[in-house]
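Worksheet: one structure, shown below.
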Amino acid sequence: MGCSCQKNREQFEVVREGGLGKVVFRSGVQSTAVTVSDRYGSSIVRNQKTGEIVFAGKGALELTAADGAVLLRTDDLDLLTKVAATHDRPSARNQSTGQPIELVAAE
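Position in the sequence shown (first residue = 1) + 10 = my numbering.
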């Protein structure tokens, strides 16, 4: 009989502060994790095993990686800047206006 530990099962985790904060929820169902992330402003949902961001939250400001993947959507410019500092060549824009946002490192 096979193992029932489900060690290869995907797990999704809700992480606060655009991925910089703590994990507040884990689920084997992506849609459940996305629903729970709505309760935490500026949170993301990522695949626990691969670290891939599968849901980047809501907000007018959007941060994207060099490869075009969305890293974060938020209304908090300070948080956007902090998350941008942890990635190589990110870009940001205001989704409402389409205007690019200049990312200046926090001092």
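The C-beta atom is built at its ideal place from N, Cα and C for all residues, glycine as well.
Taking a contact to require three or more Cβ pairs closer than 8 Å, the stretch 73-82 and the stretch 97-107 qualify as touching.
Judged by pairs of C-beta atoms under 8 Å, the stretch 98-112 does not touch the stretch 29-39, as fewer than three such pairs exist.
Listed in chain order, the alpha helix (DSSP H) runs fully inside the stretch 26-112 are 40-47, 87-94, counting runs of at least 4 residues.
Scanning G108, A70, T45, R56 for the CA closest to the CA of F22 turns up R56. Here DSSP, grouped into helix, strand and coil, assigns E23 to strand.
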